[in-house]
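J.: Handing you a structure now.
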Amino acid sequence: MASDIFSSEKAKKLLQGKFIYFFGDSNTRAIYKDLLWLLEDGRLIPDDRLKRKNEESHANDIRTSNGKLHNGCDYDERREYLESCIIKFQFITKLYHPALVAKINNLSIQPDVIVINSCVWDLTRWGSTDSVEQFKSNVHDTFKLFNTLLPSTRIIWIATLPPAFKSKGGFLTKDIEFMRNMLPWHIAYANQYVANIAKSFSIDYLDMHYYCKFLLNYHTRDGIHWEPPAVRYMTNLLLTHICLSWNQTLPGVISLDSKFFLKSQFINPQSQKKPQPFRNISNNRNNFKAARNTKNKRKRKNVHIQGMYSF
């Protein structure tokens, strides 16, 4: 699915009078914040706005949680935007968590759309040897809960975004840093599993993992989060999906400069490294032979963690 490009006016027209509820982690929060910025400002969201956590207000929304900032599994952040449309966000670290179940049970108004994702915290932070089986069970139970209590709500599952192999983030504490090299593979398998379950429950599956794997150069330094152009692309993907599901007219595609997706234009030219001078290839060949014949060969360590994750 290609993404159309929504202006502030087109986004407001699409979401006029609608109720959208976001459930997810920091990347889901980034899409929520960028959507609000698109509605309120229309321009690309500043990077420092995406990095802020648990602030009292963002783009005319309000924080309804207690405001305590930490990296624990019980982290609580709830936000709501009440203007021409209602858009809410709740941070979750686990599917079918009691807080999530309670929120769904106590909804006074059924949302028009629920946008949800939860995976990396489920697999890494809940400390159980059977975290994969728990994740599978919780996916099934969460989808069943949605279909039972919210039959008229369109549920959109956002595929977990691809992390870098050397990622670091709030959920990757020192105790579980060994997982980061395996995390991209676990997420790929988890996405495939959720896609199959979502199909059986007739729940929409928006494969942002597929689209964003071509934009890995837009990762921030932590290898988990994304820079503003990539987040806006995700927002446009979501709005395009919603627009098509409601049989609304798409806004079309705005022609962009060919350099738009080149990250170099967002980098300070003075900070770029100068090109290295040409080196003699024959010298490199001799150096390689010398290194290969050295007596002090470094032994490879075979690291195998049996059955850590198997989908």
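Residue numbers for the sequence shown follow our numbering, beginning at 75 and rising by one. All C-beta atoms in this analysis are idealised placements derived from N, C-alpha and C, irrespective of residue type, glycine included.
At what residue ranges does the stretch 78-103 contain a whole run of the alpha helix (DSSP H), taking only runs of 4 or more?
T.: 82-89
J.: According to DSSP, is K210 part of a helix, a strand, or is it coil?
T.: DSSP, reduced to helix, strand and coil, places K210 within a helical segment of the structure shown.
J.: Just to confirm my understanding: we take R306, look at its own chain, exclude 5 residues before and 5 after, and list those with CB closer than 8 Å. What are they?
T.: D108, L112, L118 and I119.
J.: Anyone know if the C-beta pair for L223 and N179 falls short of 8 Å?
T.: yes
J.: Using a Cβ cut-off of 8 Å (strictly closer), state whether R137 contacts chain C.
T.: Considering every chain present, this structure includes no chain C. It has just one protein chain.
J.: Report back the beta-carbon spacing between I105 and T314 to the nearest angstrom; my notes put them in contact at under 8 Å.
T.: The C-beta separation of I105 from T314 comes to about 13 Å, leaving the pair out of contact by the 8 Å criterion.
J.: Any contact between the stretch 245-265 and the stretch 220-236? By contact I mean 3 or more CB pairs, one from each, below 8 Å.
T.: yes
J.: With 16 other CB atoms within 10 Å as the buried threshold, where does R153 fall?
T.: buried
J.: Pair every Cβ in the stretch 80-92 with every Cβ in the stretch 209-224, then say whether three or more of these pairs are closer than 8 Å.
T.: no
J.: With distances taken Cα to Cα, identify the nearest neighbour of H260 among F165, C193, D135 and P185.
T.: Nearest Cα to H260 within the set F165, C193, D135 and P185: C193.
J.: Quick check: the Cα distance between S182 and T294, rounded to an integer number of angstroms?
T.: 38 Å
J.: Terminal residues of the continuous beta strand (DSSP E) containing L156?
T.: R152 to L156
J.: On a CA-only basis, which of I277, I161, I298 and D278 is nearest C286? Give me that one, please.
T.: I298
J.: Do L280 and I230 have their CB atoms nearer than 8 Å?
T.: yes
J.: Mind reading off the beta-carbon distance from L110 to I161? Whole number of angstroms is fine, and I expect it under 8 Å.
T.: Cβ-Cβ separation between L110 and I161: approximately 7 Å, consistent with a contact (criterion under 8 Å).
J.: Hey, how far is the Cα of K127 from the Cα of D204?
T.: 31 Å
J.: Apart from the five residues just before and just after F209, which ones in its own chain have a Cβ nearer than 8 Å to its Cβ?
T.: L169, C193, D196, L197 and A264
J.: Please name the residue in T227, K218, L311 and F275 whose C-alpha comes closest to that of A76.
T.: L311
J.: Looking only at DSSP bridge pairs, what is V268 linked to?
T.: None; V268 has no bridge partner.
J.: Have a look at N140, K142, F97 and S81 and flag the residue whose alpha-carbon is nearest the alpha-carbon of E114.
T.: S81
J.: Taking the alpha-carbon positions, what's the R103 to I188 distance?
T.: 13 Å
J.: Taking L324 and D78 to be in contact with their CB atoms under 8 Å, please state how far apart those CB atoms are, rounded to whole angstroms.
T.: Distance from L324 to D78 at the Cβ level is roughly 5 Å; contact confirmed, criterion being Cβ atoms closer than 8 Å.
J.: Starting from the Cα of F96, find the closest Cα among M253, I136, K142 and N191 and give me that residue.
T.: Closest option to F96, judged by alpha-carbon separation, among M253, I136, K142 and N191: N191.
J.: Following the continuous beta strand (DSSP E) through I190, name the residue where it begins and the one where it ends.
T.: V187 to I190
J.: Sorted by chain position, which residues of the same chain lie with C-beta nearer than 6 Å to I94's C-beta, five sequence neighbours on each side aside?
T.: Listed in chain order, the non-local C-beta contacts of I94 below 6 Å within the same chain comprise I161 and V187, local neighbours out to five positions each way being set aside.
J.: By DSSP's criteria, D278 is part of a beta bridge. Which residues make up the other side?
T.: I230
J.: Specify the secondary structure class of K162 as computed by DSSP and reduced to three states.
T.: strand
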